[in-house]
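There are 2 protein chains.
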Amino acid sequence: MSAITTIRPALVGKLNERQVLRVIQLRGGLSRAEVARESGLSAPTVSKAVASLIKAGLLEETVATELARGRPAPKLRLATTSAQVLGVTIDVVHCEVVSAGLDGALRDDAITVPTPATYPELLDALEGAAKTLMARPGVATLGLGVSLPGLVDYRKGCGVLSPNVAITDNHCPAADLTERLGIECTVLQESHALCLAERHYGLAKGLDDFALLDVGAGVGLGIMSGGRLLKGRSGLAGEIGHFTAVPVGGRRCGCGNTGCLETVASDSALAWLASQKLGRAVNVDEVIDLAKSGAVDLRAELREVAGFVAVGVAAVINLFNPATVFIHTPLFEIDEALFDTVVGRARERALPPSFADCTVVRAKGSKRQGAVAGIIQHLTDSVAPELV
Amino acid sequence: MSAITTIRPALVGKLNERQVLRVIQLRGGLSRAEVARESGLSAPTVSKAVASLIKAGLLEETVATELARGRPAPKLRLATTSAQVLGVTIDVVHCEVVSAGLDGALRDDAITVPTPATYPELLDALEGAAKTLMARPGVATLGLGVSLPGLVDYRKGCGVLSPNVAITDNHCPAADLTERLGIECTVLQESHALCLAERHYGLAKGLDDFALLDVGAGVGLGIMSGGRLLKGRSGLAGEIGHFTAVPVGGRRCGCGNTGCLETVASDSALAWLASQKLGRAVNVDEVIDLAKSGAVDLRAELREVAGFVAVGVAAVINLFNPATVFIHTPLFEIDEALFDTVVGRARERALPPSFADCTVVRAKGSKRQGAVAGIIQHLTDSVAPELV
DNA sequence: GGGGTTTACTAAAGCCTCTTTACAAACAGT
DNA sequence: ACTGTTTGTAAAGAGGCTTTAGTAAACCCC
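Chains W and A, in that order, give the protein sequences.
Residue 432 in the working numbering sits at position 362 of the first sequence; the count goes up by one each step and never skips.
Residue 396 in the working numbering sits at position 326 of the second sequence; the count goes up by one each step and never skips.
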């Protein structure tokens, strides 16, 4: 059963603070009076909540610029000049640390470092980069979000199993960074982060039920359901890549099984098909170049991969009944028409009522945005619990 | 974005009422003082909440029986002698209406009617049966839950698509029964109902993340995630049966596609395999009899079906990271050992960390319990929103 | 430039809820 | 009958929200 929250009159105040924050997140640049109208709260309550949020560093006031009829109202917005958050992405070849305002707007001060070989070195590198970005005078750093590949245990805040970037396995970067930096740190699985990015930056703003399918070297999935990220018991939810898509004679997967969806619907699946065709090993980056340039005719192979991606999309539509499915994949860079192929095939394979409920679009968000969105979400959640 | 709830001091009262209700649902038969200790609320608050809940008919007081040291405390429990709810199940051959206390204990007064051919006749039959059960003097009927097969649109409260029981397609039995009976009525998809039944009656009491896989003529799935039933945008979530499990050469499915999971992992899949073997049509009931009696050796066929059921179980474990997966299927009646086979195969196919997080057990709940659990959940939800 | 109009924000009063403290009620055991 | 124990409720104090009323800061027009 859900955790027992102590319910006191003071809770109402916190809930209203969160409501105010939400309205400003959604519409941005509002005056107190506009927030009151938008949120249904009374003006004094909004004033009080705003005062508390400004004190906490989450909001800031700017001078009125528009000329209106009556008394000019100071505009409120998510803190960007007085506060920031950091986002960390960890990848096979390099890691990145970036800062952003609380509205999520990324600054162009990203620090990129090659991914070290050991975990302590990784921590050192991240600590150094983070401290550089935190050194900005007059700007408070409220938190840091980490996007991790592979499986991530949210209860412990640890990496669990990452076939490609094993460096964080059984380590808890959030706890370790919190200790070193003295700010709130949180981890998020890569695909979950992308999902959150779409909600904060992309077309999913205000959407409560949507899915993000991340087709890269593997297949990742993030689900937003009823306004909450689907996490499961430990945060491992969303692993669609190891569904048995080819029950007999499938290729061996990194997980040890054969015929997993990842082996047929991913960049690496295309690379493997190309390798077969050319009789030599072709890696993921190379196959995309080859296909894009047209140096090798991979249309049949692309079609095959697209068909299996569509199986994944249809499964997501049937299983989660999302309002929108966002697809994030470099494959579409090869051929713009591929997206329509996937959607068409998915339509054939999904249940008609579920498909009719759903739009399929290309994702806009990045992992960096996801890491930032993760910590912003965390800070928002710490203001007050959500009401369902 | 989630609906905007007006947040007032009065909300705190309602939230605490819900808290009190939850504690009594979980432990049952407590005094006010015990509820206060259990919930962390103060005694006066509990008294007030209890008074309101008794007035609403959700709780009732019974005389103290245990002899303790101090002043004897009246025990509180969910109303059963003074109030009831009704549950309706709709099936291919017959429909059932049953009554239960608010604790969910079914009374043995079920009324079974053969499923009529048209929707108006169905409504008439249900209305008649419900009114009979509502006629009990001194007992208030607080609501009625309907368990519907196929796809159910929760936003409209309508059946959408049910291949086997098309009678409710595009009809809204909840709204229609509310009008005829004058009580709160609600619909729930069959597998979702089973999922809720498991939480109210079975081993899932107090569990926030679990899944129920219903392997019958088709494959249904109910997901409880973070204490909420996974519904998706319109309530269509959970359709796992049409995942493409056999990409080439699969059998045709009722949905129009080929190779769906349902065609290989269900009662009807076994029936089809048996038909092939015997060279004559065998239906679902018959194949279970044949297999159980040992009249025909179907061990190889059972093994094949079990293998695909395991693919479904593994997919559920990977996708939802549940603490428990409940499997509801008549197949286990054929051979007790089949359950272990499925679990073993699922272990092979699921990701080890997700599998390690999860227990697989046989489901205990019934559809009737599910329908009742559905309306009880609805009544609980109408007391106050939930805090996350 | 001054009054009127419009809009924004804040202080005060009244109501609701929760908690803590204090008190009355009911029974067992001596 | 009295004491000890436990239960349940009434009263007082604190925090929050809303409505009402009042102050502040601009624009518009003569």
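Beta carbons: idealized from backbone N, C-alpha and C, even for Gly.
On a predicted model such as this, the values are computed, not experimentally measured, just so you know.
For the 7 Å CB-CB criterion, Q259 of chain W and V235 of chain W do not form a contact.
V413 of chain A: member of the alpha helix (DSSP H) spanning A407 to R419, first to last residue. Secondary structure at E309 of chain W: coil, using DSSP grouped into helix, strand and coil. Under DSSP, Q89 of chain A forms no beta bridge with any residue. DSSP places P142 of chain W in the coil class of the three-state scheme, outside both helix and strand. Inter-segment contact for the segment 175-194 of chain A and the segment 235-245 of chain A is present: three or more beta-carbon pairs are separated by less than 8 Å. Along the segment 283-302 of chain W, going in chain order, the ones with a CB nearer than 8 Å to a CB of chain A are L291, S295, G296, G297, R298, L300, K301 and G302. Here V458 of chain A is near E456 of chain W, since their CB atoms are less than 7 Å apart.
Contact between T132 of chain A and R147 of chain A holds: their C-beta atoms lie close to 6 Å from each other, under 8 Å. In the displayed model, H398 of chain W falls within a strand according to three-state DSSP. In the structure shown, C330 of chain A adopts extended strand secondary structure according to DSSP, grouped into three states.
With 16 or more other CB atoms across the displayed protein chains lying within 10 angstroms of its CB, D427 of chain W is buried. Distance from L81 of chain W to L123 of chain W at the Cβ level is roughly 16 Å; contact not present, criterion being Cβ atoms closer than 8 Å. The bridge partners DSSP lists for S169 of chain W are W:L156. The beta-carbon of P114 of chain A is placed no less than 7 Å from the nearest beta-carbon of chain W. Straight-line spacing of the CA atoms in K125 of chain A and A121 of chain W works out to 40 Å. Straight-line spacing of the CA atoms in R141 of chain W and Q95 of chain W works out to 24 Å.
If you draw a 10 Å sphere on the C-beta of S112 of chain W, you find fewer than 16 other C-beta atoms in it, and that means exposed.
For L449 of chain W, the closest alpha carbon among the candidates W:L212, W:A339 and W:A420 is that of W:L212. When C-alpha distances from E356 of chain W are compared across W:P400, W:F378 and W:E406, the shortest belongs to W:P400. Rounded to the nearest whole angstrom, the CA to CA distance from R250 of chain A to L193 of chain A is 9 Å.
Not one beta carbon of chain A lies nearer than 7 Å to the beta carbon of S363 of chain W. The beta carbon of T314 of chain A sits closer than 7 Å to some beta carbon of chain W. Under the three-state reduction of DSSP, E356 of chain A is assigned to helix.
In the three-state scheme derived from DSSP, where H, G and I count as helix and E and B as strand, D284 of chain W is classed as strand.
For D279 of chain A, the chain W residues whose Cβ falls inside 7 Å of its Cβ are G302 and R303, in order along the chain. Excluding the 5 residues flanking it on each side, L343 of chain A has same chain C-beta neighbours closer than 6 Å at E371, in chain order. Judged by DSSP in its simplified three-state form, E130 of chain A adopts strand. Contact annotation: V289 of chain A and E332 of chain A have beta-carbon atoms nearer than 7 Å. Going by beta carbons, V381 of chain W and T115 of chain A fall outside the 7 Å limit. Here H262 of chain W is buried. Its C-beta has 16 or more other C-beta atoms within 10 Å. For I445 of chain A, the enclosing alpha helix (DSSP H) covers residues K437 to V453.
Here G127 of chain A is not near A106 of chain A, since their CB atoms are 7 Å or more apart. The residues I293, A307 and G308, in chain order, have a CB closer than 7 Å to that of L300 of chain A in the same chain once the five nearest residues on each side in sequence are set aside.
Within the model, the alpha-carbon separation for M204 of chain A versus R298 of chain W is close to 39 Å. Of all residues in the segment 364-395 of chain W, the ones placed with a Cβ closer than 7 Å to any Cβ belonging to chain A are V381, A385, N388, L389, F390, N391, P392 and A393, in chain order.
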